[in-house]
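Heads up: the structure comes next, in structure tokens.
In the numbering used here, the protein residues as written are 682 to 721.
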């Protein structure tokens with residue numbers, strides 16, 4: 682499930698590391714960063 686983890690982390694969801702919980706911002710190549718600017 683290595684590829685699944687990459688998508689999970691790049692979508693901006695929380696994950697566990699050896700140093701504790703971590704979360705990074707969503708990657709603009711994989712997830713919408715600003716939903717308000719979608720032009721809906």
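Yeah, the Cβ is synthetic: ideal placement off N, Cα and C, and Gly gets one too.
_Since residue 712 and residue 704 should fall inside the 8 Å C-beta cutoff, what is the C-beta to C-beta distance between them, to a whole number of angstroms?_
The C-beta distance from residue 712 to residue 704 rounds to 13 Å, too long to meet the 8 Å contact threshold.
_Alpha carbon of residue 689 to alpha carbon of residue 709, nearest angstrom_ = 13 Å
*Which partner residues of residue 713 appear in the DSSP bridge assignment?*
Paired residue(s): none; residue 713 is not in a bridge.
*Does the distance from the C-beta atom of residue 685 to that of residue 706 stay below 8 Å?*
When the beta-carbon positions are compared, residue 685 and residue 706 stay at least 8 Å from each other.
*Going straight from the alpha carbon of residue 687 to that of residue 697, what length do you get?*
13 Å
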